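Asker:
In our numbering, the protein residues as written are 446 to 679.
1. From the DSSP output, in three-state form, read off residue 678 for me.
2. Compare the C-alpha of residue 608 against each of 623, 586, 547, 638 and name the closest.
3. With the cut-off set at 7 Å, would you say residue 666 and residue 631 are in Cβ contact?
4. Taking the straight line between their C-alpha atoms, what separation do you get for residue 575 and residue 583?
5. Could you tell me the alpha carbon to alpha carbon distance between residue 651 and residue 616, rounded to whole angstroms?
6. According to DSSP, simplified to helix, strand and coil, what is residue 590?
7. Just list the beta strand (DSSP E) runs in the segment 535 to 608, keeping only unbroken ones of 3 residues or longer that don't cross its boundaries, in chain order.
8. Taking all protein chains shown into account, decide if residue 619 is buried (16 or more other Cβ within 10 angstroms of its Cβ) or exposed.
9. May I ask which residues mark the beginning and end of the alpha helix (DSSP H) holding residue 650?
10. Please check the pair residue 525 and residue 599, which I expect to be a contact at CB under 8 Å, by giving their CB distance rounded to whole angstroms.
11. On the criterion of 16 or more Cβ atoms from any shown chain inside 10 Å, does residue 613 qualify as buried, or is it exposed?
12. Roughly how many whole angstroms lie between the Cα atoms of residue 627 and residue 589?
13. Near residue 501, what residues of its chain come up, given a Cβ to Cβ distance below 6 Å and the 5 sequence neighbours on each side ignored?
14. Once the 5 residues before and after residue 640 are set aside, which same chain residues still bring their CB inside 6 Å of it?
15. Hey, residue 534 and residue 551: beta-carbon distance below 7 Å or not?
16. Expressed to the nearest angstrom, what Euclidean distance is found between the alpha-carbon atoms of residue 682 and residue 645?
17. Out of curiosity, what's the CA-to-CA distance linking residue 669 and residue 513?
18. Mind checking which residues open and close the alpha helix (DSSP H) that includes residue 622?
19. Which of helix, strand or coil does DSSP assign to residue 516?
20. Please report the distance separating the alpha-carbon of residue 673 from that of residue 520.
21. Do residue 657 and residue 545 come within 7 Å of each other at the CB atom, strictly closer than that value?
22. Is it true that the CB of residue 569 sits closer than 7 Å to the CB of residue 622?
23. Applying the criterion that 16 or more other CB atoms from any shown protein chain within 10 Å of the CB defines a buried residue, is residue 516 buried or exposed?
24. Could you check the C-alpha separation between residue 553 and residue 562 for me, to the nearest Å?
25. With H, G and I counted as helix, E and B as strand and the rest as coil, what does DSSP make of residue 498?
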């Protein structure tokens with residue numbers, strides 16, 4: 446090293462610094478060893494919780510401000526609703542959106558030339574269940590399609606609904622256990638929350654961000670539940 450070629454006093458002064466740097470490097474390496482506690486998940490800019498990475502997550506405080514800006518209205522009619530009005534699992538660069546979410550949300554995912562995941566490990570953020578078969582997972586719409594219909598999407602074009610149903614940039618899609626997804630159905634957070642309580646903050650942040658991105662309304666009960674969850678974020 447350059448320091449070692451300097452006169453004696455400078456070399457002596459550098460030794461503690463070199464030792465300190467070595468200790469810091471050792472600590473950094475130790476923090477990455479298997480079995481150590483991971484860093485706590487963040488709810489900002491693409492937070493990671495229970496093995497799931499959600500894009501476009503604001504900070505909880507920002508989500509709280511976004512919630513205050515949402516329009517409060519009674520839930521609209523389901524008249525005319527059909528899942529077919531929200532064409533989903535569109536193709537992106539030769540892969541379906543479902544396949545892309547499975548690849549994003551899993552660990553050690555391998556896929557064939559057709560993009561279909563063949564193996565990997567998935568942890569459902571909703572209930573903490575772990576899976577190794579991609580067919581055991583559903584891709585959940587954070588704000589369900591029917592809920593979106595009742596809160597303003599009934600007035601969109603089919604192209605706009607397709608964009609909503611396949612959005613990989615907002616925190617709208619995530620791979621979860623089929624059981625938790627079907628338990629949720631089209632219910633809002635005032636009616637259903639993930640069994641995993643440590644995901645409630647992220648869930649409220651994501652739900653609020655999606656409603657804000659798409660200008661969807663919230664019911665009074667929905668707003669109050671989201672406000673309580675966001676106010677309780679650590």
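Beta carbons are placed, not taken as given, at the ideal position from N, Cα and C, and that holds for glycine. All values reported here derive from a predicted model rather than from experimental measurement.
Answerer: From the atom records:
1. coil
2. 586
3. no
4. Going from the Cα of residue 575 to the Cα of residue 583 covers about 13 Å.
5. 5 Å
6. helix
7. Positions of the beta strand (DSSP E) runs, each at least 3 residues long and wholly inside the segment 535 to 608, are given as 552 to 556, 562 to 568, 582 to 586 in order along the chain.
8. buried
9. 645 to 658
10. 7 Å
11. Counting C-beta atoms within 10 angstroms of its own C-beta, residue 613 has fewer than 16 neighbours from the protein chains shown and is therefore classed as exposed.
12. 11 Å
13. 614, 615, 616
14. 572
15. no
16. Residue coverage of the chain in this structure runs from 446 to 679, which leaves residue 682 outside it and unanswerable.
17. 10 Å
18. Premise fails: residue 622 lies in the beta strand (DSSP E), 618 to 622, not in any alpha helix (DSSP H).
19. coil
20. Using only the alpha carbons, I get a separation of about 20 Å.
21. no
22. yes
23. exposed
24. Across the structure, residue 553 and residue 562 are spaced so that their CA atoms are roughly 10 Å apart.
25. strand
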